[in-house]
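Trainee: I have a structure here, written as structure tokens, and I will follow up with some questions on it.
2 protein chains.
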Amino acid sequence: MSFLEKYLVKHNPSFESLQEFISNYQNTHMLIIFVSCKVFYTGRAKSTLSWGDHLIIRKKDGTLLIHGSNKREPINWQPPGSSLKSKCRRNLILISRRRHPKEEIKIVISKIYFAVAVDCREGKFQILGTENQMVQQVIAKPYLLEEGFTPLKREFQTPYGNIDLLGKDKKGTFVIVEFKRGKAQLSAVSQLKRYVEYLQKKHPVRGILVAPGITKSAEELIKKWGLEFKKWLSKAS
Amino acid sequence: MSFLEKYLVKHNPSFESLQEFISNYQNTHMLIIFVSCKVFYTGRAKSTLSWGDHLIIRKKDGTLLIHGSNKREPINWQPPGSSLKSKCRRNLILISRRRHPKEEIKIVISKIYFAVAVDCREGKFQILGTENQMVQQVIAKPYLLEEGFTPLKREFQTPYGNIDLLGKDKKGTFVIVEFKRGKAQLSAVSQLKRYVEYLQKKHPVRGILVAPGITKSAEELIKKWGLEFKKWLSKAS
DNA sequence: GCCTAGGTCCCGTTC
DNA sequence: GAACGGGGCCTAGGC
């Protein structure tokens with residue numbers, strides 16, 4: 083591939099030709115390969131994918147994705163850091179391994195439709211609207227939570243888990259604040275309860291769950307457990 | 083594309099040519115497009131991806147994936163069911179929308195390296211080693227949990243959440259069993275505690291967490307709360 | 001390396 | 001549609 087080329091396509095390459103292609107480009111390029119194959123995964127779980135057409139993507143960081151004709155999720159995958167080896171037998175076999183945990187994917191390829199190597203230089207990514215930003219807003223403007231609130235510690239660590247935001251209310255009582263960027267569910271309530279149970283062994287403490295909404299059961303549970311829910315208005319800024 | 087062809091490649095297509103390509107194939111084929119673009123997402127959160135080379139995958143179920151040069155996760159995406167429209171301006175603009183929640187991705191393309199439409203017929207997928215199978219094993223061989231255990235109800239629903247497995251021990255005391263396929267963490271303990279708190283309002287009850295391992299803090303918490311941990315040996319079958 | 005918790009989580013299932 | 005919980009979750013951040 084010349085210096086100026088962004089990509090290189092091989093149509094219907096032979097097994098040997100694809101092996102060479104992979105070893106030439108796997109460390110510098112993203113590989114996109116469309117094949118007829120079956121796949122075996124073994125590791126934390128175990129799976130088989132029977133013969134079919136699948137799209138294989140291999141990134142230079144070691145990521146391996148095997149996509150089918152639908153769904154956002156790959157059918158099989160290997161995360162960054164995984165190795166890739168190939169063997170040529172009756173079929174072409176690709177094996178990707180990771181160490182921790184020990185996991186392996188074996189792709190048995192009977193037919194290669196095409197393979198592309200691309201030189202991919204991605205842009206910079208920025209995101210807004212995360213939970214972290216809710217916390218930052220409350221730290222900057224504590225009255226958004228309630229009048230008289232004073233933030234003390236972000237990500238306060240306890241043996242029961244890490245508290246999003248610890249503070250005190252206007253009376254000086256400790257307040258544990260748990261933030262959720264989406265509708266709060268039962269698990270958010272137990273999470274908050276867990277922190278409260280820890281701290282209340284030492285001090286009187288209030289627990290407040292901050293979220294744009296809450297499910298019915300979560301709301302009933304939070305009341306039953308003497309905790310508070312504060313609806314978060316995203317335009318509060 | 084002829085009946086027998088598995089795929090069709092366009093090299094450096096014009097904007098208009100890609101628009102036609104997309105409208106011809108988006109309902110029947112998976113599209114794989116490598117471009118120089120920037121991306122704007124708005125919906126549950128908001129993000130921007132600045133100019134760079136990115137791989138766009140569009141599946142016929144509406145899934146949209148925008149991949150960069152590393153990581154398993156797409157930089158931006160849209161799940162199945164999303165629409166796709168294109169506009170030709172100074173740049174080529176692709177817009178993908180979903181209704182619930184209302185979310186939009188805008189891809190502004192300045193250069194198209196190549197586009198492929200593939201006819202993808204995926205194989206059948208099977209997986210072993212899930213939590214569900216742990217539960218099935220205990221239902222089939224209750225003594226694997228403990229001598230005298232009797233399973234009563236799988237996925238027993240309560241206002242505090244759904245219990246993996248409800249049963250009775252040899253003394254007739256209710257037992258709530260929570261299974262984890264990996265190492266159990268703090269959240270698993272609070273989850274179990276939540277169910278126990280519900281049921282113990284009505285009956286005496288034990289809570290057992292079953293997993294191949296447990297973190298230090300989770301183990302301390304489970305003891306403190308009077309719950310039990312049962313180590314799961316995967317070869318128990 | 002372990003552990004905690006978020007995520008535009010996705011996804012299946014159940015009501 | 002709402003909600004609950006699993007996932008080979010992945011990923012980031014602490015220690």
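Protein sequences appear in the order of chains S and Z. Just so you know, we're using the working numbering here: the first sequence kicks off at 83 and counts up by one. Just so you know, we're using the working numbering here: the second sequence kicks off at 83 and counts up by one. Glycine included, each C-beta is placed from N, C-alpha and C at the ideal position. This one's a predicted model, so the numbers in the text were calculated from it and none came from an experiment.
1) With C-beta atoms as the reference, is Thr261/Z less than 7 Å away from Val198/Z?
2) Should Cys170/S be flagged as near chain Z, meaning a C-beta pair shorter than 7 Å?
3) If you run the structure through DSSP and keep just helix, strand and coil, what is Ile104/Z?
4) Which term fits Thr145/Z, buried or exposed, when burial requires 16 or more other beta carbons within 10 angstroms of its beta carbon?
5) Mind checking the stretch 195-209 of chain Z against chain S and listing, in chain order, the residues whose C-beta falls within less than 9 Å of any C-beta there?
6) Per DSSP, Ala222/Z is paired with what?
7) Would a check of beta-carbon distances place Tyr277/Z closer than 7 Å to chain S?
8) If we ignore side chains and look at the alpha-carbon of each, how far apart do Leu247/S and Phe238/S end up?
9) From Tyr89/Z to Arg140/Z, what distance separates their C-alpha atoms?
10) Going along the chain, which residues of the stretch 130-141 of chain S sit with their C-beta nearer than 8 Å to a C-beta in chain Z?
11) Helix, strand or coil, according to DSSP, for Tyr242/Z in the structure here?
12) Could you check if Pro241/S is buried or exposed, using at least 16 other CB atoms within 10 Å of its CB as the buried criterion?
13) Count the other C-beta atoms from every protein chain shown that fall within 10 angstroms of the C-beta of His182/S, then say buried if there are 16 or more, exposed otherwise.
14) CA-CA distance, Ala318/Z and Gln215/Z?
15) Just list the beta strand (DSSP E) runs in the stretch 116-181 of chain Z, keeping only unbroken ones of 3 residues or longer that don't cross its boundaries, in chain order.
16) Using CA atoms only, rank isn't needed, just tell me which of Gln219/Z, Lys235/Z, Arg236/Z is closest to Glu228/Z.
17) Does DSSP put Ser272/S in a helix, a strand or coil?
18) By how many angstroms is the C-alpha of Lys193/S removed from the C-alpha of Glu98/S?
19) Closer than 6 Å by C-beta to Glu186/S: which residues in its own chain qualify, once you throw out the five before and the five after it? Chain order, please.
20) Identify, in the order they occur along the chain, each residue of the same chain with its Cβ nearer than 6 Å to the Cβ of Leu137/Z, setting aside the five sequence neighbours on each side.
21) Output the distance between the C-alpha atoms of Tyr280/Z and Ile245/Z, rounded to the nearest integer angstrom.
22) Looking at the C-beta of Ala300/Z, does it have a partner C-beta in chain S at a distance below 7 Å?
23) Using only alpha-carbon positions, find the residue among Ser151/Z, Val271/Z, Gly295/Z that is nearest to Lys306/Z.
24) Mind checking Ser151/S: buried by the 16 CB within 10 Å criterion, or exposed?
25) Give me the residue from Leu131/S, Gln108/S, Lys253/S, Pro233/S with the minimum Cα distance to Ile189/S.
26) Could you confirm whether any beta carbon from chain S is found closer than 7 Å to the beta carbon of Leu234/Z?
27) Could you check whether the Cβ of Asn94/S sits closer than 7 Å to any Cβ belonging to chain Z?
28) Measuring only from the beta carbon, is Lys88/Z closer than 6 Å to any heavy atom that is part of the ligand PLP?
29) Out of Thr110/Z, Gln267/Z, Leu147/Z, which has the shortest C-alpha to C-alpha gap to Val153/S?
30) Run through DSSP, which three-state label would Leu303/Z get?
31) Distance cutoff 7 Å, beta carbons only. Does Lys188/S sit that close to anything in chain Z?
32) If you check the beta carbons only, do Lys128/S and Gly211/Z fall under 7 Å apart?
Mentor: From the atom records:
1) Before going on, a small fix: residue 261/Z reads as Phe here, not Thr. No.
2) no
3) helix
4) buried
5) Tyr195, Phe196, Val198, Val200, Asp201, Cys202, Arg203, Glu204, Gly205, Lys206, Phe207, Gln208, Ile209
6) DSSP lists no partner for Ala222/Z.
7) no
8) 7 Å
9) 14 Å
10) Thr130, Leu131, Ser132, Trp133, Gly134, Asp135, His136, Leu137, Ile139, Lys141
11) coil
12) exposed
13) exposed
14) Residue placement at Ala318/Z cannot be trusted, given a pLDDT of 46 that sits under 50; what the coordinates show is reported in the next sentence. Between Ala318/Z and Gln215/Z, the C-alpha separation is close to 12 Å.
15) 128-140, 146-149, 158-160, 165-170, 174-180
16) Gln219/Z
17) helix
18) 12 Å
19) Thr124, Arg179
20) Phe116, His149
21) 11 Å
22) no
23) Val271/Z
24) buried
25) Leu131/S
26) no
27) no
28) Although the ligand PLP was asked about, the structure shown includes no ligands whatsoever.
29) The residue you asked about is not Val; residue 153/S is Lys in the sequence shown. The candidate whose alpha carbon is nearest that of Lys153/S is Leu147/Z.
30) helix
31) no
32) yes
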